[in-house]
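Asks: Chains as they are written, first to last, in our numbering: chain A, 1 to 221; chain G, 1001 to 1381. What follows is a single structure, and I will ask about it in a moment.
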Amino acid sequence: MIGFRPEARHDFDEILRLVRPGARVLDVGCGEGVLLERLYREKSVDGRGVEIGPDAVSACLAKGLAVMQGDAERDLAEFSDASFDYAILSQTLQAMRAPRTVLEELLRLADRAIVSFPNFGHWRVRMSLLRRGRMPETRALPEAWWETSNIHLCTLRDFTDLCADLGLRIEAASALVRDRPARPMNPLDMIENWRAEQALFLLSRRTPVHPPETEQRDLFA
Amino acid sequence: MVEVLAKAAGETGGGVTRLAHPLRLESGGSLDAVEVAYQTYGRLNADRSNAILICHALTLDQHVSGVYPVSGKPGWWTRLVGPGRVLDTDRWFVICSNVIGGCMGSTGPSSVDPRTGRPYGLSFPVITIADMVHAQALLVEALGVTRLFAVVGGSMGGMQVLEWARSYPERLVSAICLASAARHSAQNIAFHEVGRQAIMADPDWRGGDYQIAGVRPEKGLAVARMAAHITYLSEPALQRKFGRELQRDGLSWGFDADFQVESYLRHQGASFVDRFDANAYLYITRAMDYFDLAAPHGGQLAPAFKRASEVRFCVLSFTSDWLYPTAESRHVVRALNAVGARVSFVEVESDKGHDAFLLDEPVMNAALTGFLAATAEATNL
């Protein structure tokens, strides 16, 4: 488990709200397929998953989900351009060795990406560092620095800067605080960088990778 | 015991079908009067939508469940195939046929050549995995099935599954490929060559005409099996099972089977020659060596599956399988993803080596059950 996973999974509720029914969805780091299963039941999506843990993959397969054992940082290259409507990366970006590359990959293989992460600019994190002078251990980031898999934590501002840098359009953003449903936010508003414990973004490319008439890459040319 | 097992397999059928036309072969030739021996388990439903074809591995055959007619032993995949099991014969109509080139009833090198009235021996044409699959496709048609709910196989059976996806994707709803590869590696070919040379070095092989001479190259075939059997197991499993345990107290200071592992391998070799034909072993191993789905596409595998993007795939490998390692399955998965096929893939943790797919592997069983159920649900079956 990476970071903060609220019992009620308000982040999943928010993702379900954002995804168009019947869409083609890739859930990167899908775990045991809880979100994929909900997407299938509630939104009739054509869902696939990538998951690095063999036990979690087995659990997905036993549920009948189309999941591939693989490493998000290596194996996303297998998917063709624009082969999905949405690529979801829930609470995993900050554990990637190369988050920028992964984000680019998500928006290469899908038209839209839904990305959520713990906000390192949240007031609890800031206060923890200020008061204790140690790497913050908060309810959203409960592990010690030497055991956490979160190696690339960022704040809301860092993330919106990266989106601008990559030419990504922020179509929607929500703030999540434990035990409360997601709340729409303006991610550029400075106060949100203090208030949002978790952030969830719906992103798209500012310009399509390919002109519409050559949507599919010709693999066999 | 026999009755109990037969009953446990549910409703069974089978026989030998003679193909109406000569079978055109990949090598360019053709084969006349081809017979395909097969078994069926369960019942074909009214709209003929519940058929599952199982493709067998190198030395196995059509007796996937139930009992072997002569030995009375259970079929090779009885654990998985039967009423209420993973491949539930109360629900599915399971078909398994002996590959052509084999020796369990389908036309092979030990069959009588209708032109000469004598066994083919080495005059039997070299056949390929694609030829085996074309013969299966004709059998499936003859059984009145136009579309298979699934084609399933491990090892060489998995190669046939991939060949089905290449040749007849429109006849498949789903495909399950276990512990297999889209091509034979140098190491795979090397081990097979050892086996073939062992057979051909046996004086009783007689240039392949041993049947006419009334002898059998048993020693050569046994050595081939012993070498191959090592490749089906993992080093840790072999060590755990035998270690350096001796058959008797003390060493013989000679070349008897001092070690239990030697005795085990000798037994494997000896029991194999009772059930398998040496020339069939040559032909089938050759078919596997020649298998390379990417070869016609300049080494690119994805184009081989370009028509299979609507087929639902399940690919499984096993951590300790060094004969068809996970990298080979990944190669297949990558190509399937590239064409946009819906593919599930898991590397199952097991220390039982290549043979794991034949054994009781709960993770594999659960994955296959889930995959079949979801495919049935998605296709409204």
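Glycine residues also receive a C-beta, built at the ideal position from the N, C-alpha and C atoms. Note that the coordinates shown come from a computational prediction; the quantities given were computed from them, not determined experimentally.
1. Measure the Cβ-Cβ separation of residue 88 of chain A and residue 202 of chain A and say whether it is below 8 Å.
2. Pull up the DSSP beta-bridge partners for residue 48 of chain A, would you.
3. Measure from the alpha carbon of residue 1227 of chain G to the alpha carbon of each residue in G:1250, G:1241, G:1248, G:1266, then state which is nearest.
4. In three-state DSSP terms, what is residue 1166 of chain G?
5. At a Cβ cut of 7 Å, what residues of the stretch 68-85 of chain A count as close to chain G, listed as they run along the chain?
6. What first and last residue would you give for the beta strand (DSSP E) that runs through residue 1177 of chain G?
7. How should residue 146 of chain A be labelled, buried or exposed, when 16 other C-beta atoms within 10 angstroms of its C-beta is the threshold for buried?
8. Compile a chain-ordered list of the residues in the stretch 1333-1345 of chain G whose CB is closer than 8 Å to at least one CB of chain A.
9. Can you pull the chain C neighbours of residue 64 of chain A, defined as C-beta to C-beta under 8 Å?
10. Measure the CB-CB distance between residue 1175 of chain G and residue 1313 of chain G and report whether it falls below 8 Å.
11. Compare the C-beta of residue 281 of chain A with all C-beta atoms of chain G and state if any pair is closer than 8 Å.
12. Verify the CB distance criterion: does residue 108 of chain A have a CB-CB separation below 8 Å to chain G?
13. Work out the CA separation of residue 1294 of chain G and residue 1302 of chain G for me, nearest whole Å.
14. Which runs of the alpha helix (DSSP H) at least 4 residues long sit entirely within the stretch 1013-1092 of chain G? Give them in chain order.
15. DSSP state of residue 193 of chain A, grouped into three classes?
16. Is residue 1065 of chain G closer than 8 Å to residue 1072 of chain G when the C-beta atoms are compared?
17. Listing by chain order, which chain A residues have their CB less than 8 Å from the CB of residue 1328 of chain G?
18. Indicate the three-state DSSP secondary structure (helix, strand or coil) for residue 1296 of chain G in the structure shown.
19. Look at the alpha carbon of residue 1155 of chain G and the alpha carbon of residue 1291 of chain G, and state the distance between them as a whole number of angstroms.
20. Taking Cβ-Cβ distances shorter than 9 Å, what residues in chain A pair up with residue 1347 of chain G?
21. If you compare alpha carbons, which of G:1135, G:1104, G:1027, G:1161 is closest to residue 1311 of chain G?
22. Shortest alpha-carbon distance to residue 173 of chain A belongs to which of A:167, A:156, A:137, A:165?
23. Would you mind reading off the limits of the alpha helix (DSSP H) that contains residue 140 of chain A?
24. Taking C-beta pairs closer than 7 Å, name the residues in chain A that residue 1363 of chain G reaches, listed in chain order.
25. Evaluate the contact criterion for the stretch 118-127 of chain A versus the stretch 25-38 of chain A: three or more CB pairs, one atom per stretch, below 8 Å.
26. Check whether the Cβ of residue 1224 of chain G lies closer than 8 Å to any Cβ atom in chain A.
Replies: Reading off the structure:
1. Start at 1 with the first residue of the first sequence, and residue 88 of chain A comes out as number 88. Start at 1 with the first residue of the first sequence, and residue 202 of chain A comes out as number 202. For residue 88 of chain A and residue 202 of chain A, no; Cβs fall outside 8 Å.
2. Stepping through the first sequence from its first residue, residue 48 of chain A is reached at position 48. Residue 48 of chain A is bridged to A:26, A:66.
3. On the second sequence, residue 1227 of chain G is found 227 positions in, with the first residue counted as 1. The shortest Cα separation from residue 1227 of chain G among G:1250, G:1241, G:1248, G:1266 belongs to G:1266.
4. Counting from 1 along the second sequence, the entry for residue 1166 of chain G is found at position 166. DSSP places residue 1166 of chain G in helix when its eight states are reduced to three.
5. Of all residues in the stretch 68-85 of chain A, the ones placed with a Cβ closer than 7 Å to any Cβ belonging to chain G are 68, 69, 78, 79, 80, 83, in chain order.
6. Residue 1177 of chain G sits at position 177 when you count from the first residue of the second sequence. DSSP places residue 1177 of chain G in the uninterrupted beta strand (DSSP E) bounded by 1172-1178.
7. Mapped onto the first sequence, residue 146 of chain A falls at position 146. Exposed, by the Cβ-count rule.
8. Closer than 8 Å at the C-beta level to chain A, one finds these residues of the stretch 1333-1345 of chain G: 1333, 1334, 1337, 1338, 1339, 1340, 1342, 1343, 1344, 1345.
9. The structure shown contains no chain C; its protein chains are A and G.
10. On the second sequence, residue 1175 of chain G is found 175 positions in, with the first residue counted as 1. On the second sequence, residue 1313 of chain G is found 313 positions in, with the first residue counted as 1. For residue 1175 of chain G and residue 1313 of chain G, yes; Cβs fall inside 8 Å.
11. A query on residue 281 of chain A cannot be resolved here, the shown segment of chain A reaching from 1 to 221 and no further.
12. Position 108 of the first sequence holds residue 108 of chain A. By this cut-off, residue 108 of chain A is not an interface position.
13. By 1-based counting over the second sequence, the position of residue 1302 of chain G is 302. By 1-based counting over the second sequence, the position of residue 1294 of chain G is 294. Roughly 8 Å separates the two Cα atoms.
14. Taken in chain order, the whole alpha helix (DSSP H) runs of length 4 or more contained in the stretch 1013-1092 of chain G number zero.
15. Position 193 of the first sequence, counted from the first residue, corresponds to residue 193 of chain A. Reduced to three states, the DSSP call for residue 193 of chain A is helix.
16. Numbered from 1 along the second sequence, position 72 holds the residue referred to as residue 1072 of chain G. Numbered from 1 along the second sequence, position 65 holds the residue referred to as residue 1065 of chain G. For residue 1072 of chain G and residue 1065 of chain G, no; Cβs fall outside 8 Å.
17. As a first step, residue 1328 of chain G must be located in the second sequence, where it is residue number 328. Per Cβ cutoff of 8 Å: no residues; residue 1328 of chain G is ~14 Å from chain A at best.
18. Walking along the second sequence from the start, residue 1296 of chain G turns up at place 296. Three-state result, residue 1296 of chain G: helix.
19. Taking the second sequence and counting its residues from 1, the one referred to as residue 1155 of chain G is at position 155. Taking the second sequence and counting its residues from 1, the one referred to as residue 1291 of chain G is at position 291. Spanning the two alpha carbons is a distance of roughly 12 Å.
20. Here residue 1347 of chain G corresponds to residue number 347 of the second sequence, with the count starting at 1. The CB of residue 1347 of chain G comes closer than 9 Å to the CB of 54, 57, 69 in chain A, given here in chain order.
21. Counted from its first residue, the second sequence places residue 1311 of chain G at position 311. With respect to the C-alpha of residue 1311 of chain G, the residue from G:1135, G:1104, G:1027, G:1161 having the closest C-alpha is G:1161.
22. Your numbering for residue 173 of chain A matches position 173 in the first sequence. With respect to the C-alpha of residue 173 of chain A, the residue from A:167, A:156, A:137, A:165 having the closest C-alpha is A:156.
23. Taking the first sequence and counting its residues from 1, the one referred to as residue 140 of chain A is at position 140. Element bounds for residue 140 of chain A: n/a, residue is neither H nor E.
24. For the purposes of this step, residue 1363 of chain G is taken as residue 363 along the second sequence, with counting starting at 1. Under the 7 Å cutoff, chain A gives 58.
25. These segments do not touch.
26. Locating residue 1224 of chain G in the second sequence gives position 224, counting from the first residue. It does not; no Cβ of chain A falls within 8 Å.
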